[in-house]
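Engineer:
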Amino acid sequence: MLAARRPAHRRRGPHPGEEATAIRERVRQGAASVVRRRVALLRGTAVAVVVALSFYVPRGRTDLSAPASLLAALESGTVGAVQRFLAVRVLGRHAPPTYTNDHALLPYVAGTAEVLLAAALPVVGLAIWGFFRERYAGRSRPVVNFAAYWAGAGLLLFPLATEVNQPWVAVHVLAPATVPAAVGLAALWNAAAESIAADEAARLAAALLLLSAAGVHTGAVVAGEVYDAPEADDALPGYAQPGAEFRAPAAAIERAVTDGTGVDVLYVGADLAVPDESTLDRPPVPEAARGAFSARLPLAWYVERAGAETASVDAPNAMDESAPPVVVTTPAHRRAVADRLSGYERYEIEQGLTDRRLVVFVES
């Protein structure tokens, strides 16, 4: 006997009016939550703006008595900083050839990871062990977890944001990683102590071996990179702006730069010349000009701070008879440029720690 069919029951969805009411209720609750937290939100916004301004407002260009200068500085330190970041890090990566300053992420991450393993392998290993022990051993402390997540995210975020693939980027990862690493080190020490109490020779030997390896590795890195003179091709030190003073040539350049029209600073030499100086006004730096711009650093920052108009030529014989007040060249062209100038004071400055020098002639 066939069973009687039961009528199928259809699930009735919410009425359109009910959906609209629910949406309005959620919006109302969200607005009420914002109102309740308005003081904290305003404080957080104020702190974020102050931090952004302290980092990104142009130095030496803000005149508090001139509202236009103050507003321009505020715009440059907030909206302008975001625009420059997007131009280099986002558009520069995904929209060639309009933006040719490509910034590949994976090589930068690999470079940072290589430095971490070569210079701080014990910290990395102890941090990983400390994090998993803290996370899954029944005791989870928010501070340790936060520091571990910070270090893990930093391994991706800081190589993304950095301008160059240099060893110092690893410091931003190592600093938070020391917290879970301390937990791992304490656990390793406790394991050694418990092994002594329990008379477990194998476990004690393993713990002592790991502790000794951490100490030996750290000592070897310190001895090789701090007390021993590193070679120019060493991957761990980052050769940046040297300790030599730039005050004398920078002050001379600022005095020589005039407010009139015309070129103030002329770069002489194929290593310093760029096809179009206007391409250096805002990032990203085009591929064709990247080598010359890097050769000018860090002097280019002081020239920019002085508000100087710049030009460049490939060789000394391309210079005009009337030279600008400041001429910058390489040691290879020092004599040829000096023969074409009269009444100029010469400065020789170190651009880096690997024999990068520039010769600056300033009209006296």
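Following the working numbering, the numbering of the sequence shown begins with 351 at its first residue and continues without gaps.
Beta carbons are placed, not taken as given, at the ideal position from N, Cα and C, and that holds for glycine.
By alpha-carbon positions, which one of A658, Q379, T512, A600 ends up nearest to L456?
Structural biologist: Checked all of A658, Q379, T512, A600; the closest Cα to L456 is T512.
Engineer: Specify the secondary structure class of R489 as computed by DSSP and reduced to three states.
Structural biologist: R489: coil per DSSP, three-state reduction.
Engineer: Along the chain, where does the beta strand (DSSP E) that runs through Y617 open and close?
Structural biologist: That run of the beta strand (DSSP E) goes 615–618.
Engineer: Per DSSP, what kind of secondary structure is F711 in: helix, strand or coil?
Structural biologist: In the structure shown, F711 sits in a strand (DSSP, three-state: E or B).
Engineer: Please determine, among G657, A638, V613, the residue with the shortest C-alpha to C-alpha distance to V677.
Structural biologist: Among G657, A638, V613, the Cα nearest to that of V677 is on V613.
Engineer: Under 8 Å, do A468 and T428 count as touching if we go by C-beta distance?
Structural biologist: No, Cβ-Cβ distance for A468 and T428 is not below 8 Å.
Engineer: By the three-class DSSP mapping on this structure, what secondary structure does V494 have?
Structural biologist: Reduced to three states, the DSSP call for V494 is helix.
Engineer: Let me know if L616 comes out buried or exposed under the rule of 16 or more other beta-carbons within 10 Å of its beta-carbon.
Structural biologist: Classification for L616: buried.
Engineer: Does the distance from the C-beta atom of L476 to that of A531 stay below 8 Å?
Structural biologist: For L476 and A531, yes; Cβs fall inside 8 Å.
Engineer: Roughly how far, in whole angstroms, is the beta-carbon of L649 from the beta-carbon of Q701, given that I think they are within contact range, below 8 Å?
Structural biologist: Yes, they are in contact, since the Cβ atoms of L649 and Q701 sit about 7 Å apart, within 8 Å.
Engineer: Determine, for E659, whether the minimum Cβ-Cβ distance to residues of chain D falls below 8 Å.
Structural biologist: Protein chain content of the structure displayed is limited to a single chain, and chain D is not contained in it.
Engineer: Classify R387 as helix, strand or coil using the three-state DSSP reduction.
Structural biologist: Correct three-state label for R387: coil.
Engineer: Which one of V523, A645, L647, E637 has the shortest CA to CA distance from L466?
Structural biologist: Per the Cα distances, V523.
Engineer: So the beta strand (DSSP E) R678 belongs to, where does it begin and stop?
Structural biologist: First, the residue type needs correcting, since residue 678 is Val and not Arg in the sequence shown. V678 -> beta strand (DSSP E) spans 676–679.
Engineer: Leaving out five residues before and five after P526 in sequence, what residues of the same chain have Cβ atoms less than 6 Å from its Cβ?
Structural biologist: A497, W500, A501, listed in sequence order.
Engineer: Beta strand (DSSP E) containing T660: first to last residue?
Structural biologist: Here the beta strand (DSSP E) through T660 covers 660–663.
Engineer: Please say whether D664 and A620 have beta carbons closer to each other than 8 Å?
Structural biologist: Against a cut-off of 8 Å, the Cβ pair of D664 and A620 comes out as a contact.
Engineer: Please state whether DSSP places E595 in a helix, a strand or coil.
Structural biologist: Three-state result, E595: coil.
Engineer: For P674, count neighbouring Cβ atoms within 10 angstroms of its own Cβ and tell me buried if that reaches 16, exposed if not.
Structural biologist: Buried: at least 16 other Cβ atoms inside 10 Å.
Engineer: Find the nearest neighbour of A602 within the set R378, R376, E698, M669, judged by alpha-carbon distance.
Structural biologist: For A602, the nearest C-alpha among the options comes from E698.
Engineer: Since R696 is in the beta strand (DSSP E), which residue starts that stretch and which ends it?
Structural biologist: Per DSSP, R696 belongs to the beta strand (DSSP E) from 694–700.
Engineer: Looking only at its chain, what residues have a beta carbon closer than 7 Å to the beta carbon of L691, apart from the 5 residues adjacent to it on each side?
Structural biologist: A673, V677, F711, listed in sequence order.
Engineer: Over the uninterrupted alpha helix (DSSP H) stretch that includes L535, give me the two end residues.
Structural biologist: Residues 521–548.
Engineer: Between the Cα of L708 and the Cα atoms of G693, S714, V687, which residue gives the shortest distance?
Structural biologist: The candidate whose alpha carbon is nearest that of L708 is V687.
Engineer: Using only the alpha-carbon positions, how far apart do R485 and G534 sit?
Structural biologist: Going from the Cα of R485 to the Cα of G534 covers about 12 Å.
Engineer: In the structure shown, what three-state DSSP assignment does E671 receive?
Structural biologist: In the structure shown, E671 sits in coil (DSSP, three-state: anything other than H, G, I, E or B).
Engineer: Could you check how far apart the C-beta atoms of V607 and A656 are, in whole angstroms? I think they sit under 8 Å.
Structural biologist: Indeed, because the Cβ distance is near 5 Å, the residues count as touching under 8 Å.
Engineer: In chain order, which alpha helix (DSSP H) runs of at least 4 residues are fully inside the region 623–652?
Structural biologist: Complete alpha helix (DSSP H) runs here, min 4: 637–646.
Engineer: Once the 5 residues before and after A445 are set aside, which same chain residues still bring their CB inside 7 Å of it?
Structural biologist: In this prediction, A445 scores a pLDDT of 42, lower than 50, which makes its location untrustworthy; the coordinate-derived value is nonetheless stated afterwards. Excluding residues within five positions, none has a Cβ falling inside 7 Å.
Engineer: Leaving aside the five residues before and after A520 along the sequence, list all residues of the same chain whose C-beta is less than 6 Å from its C-beta, in chain order.
Structural biologist: Closer than 6 Å at the Cβ level, and outside the excluded window around A520, lie T462, V465, L466.
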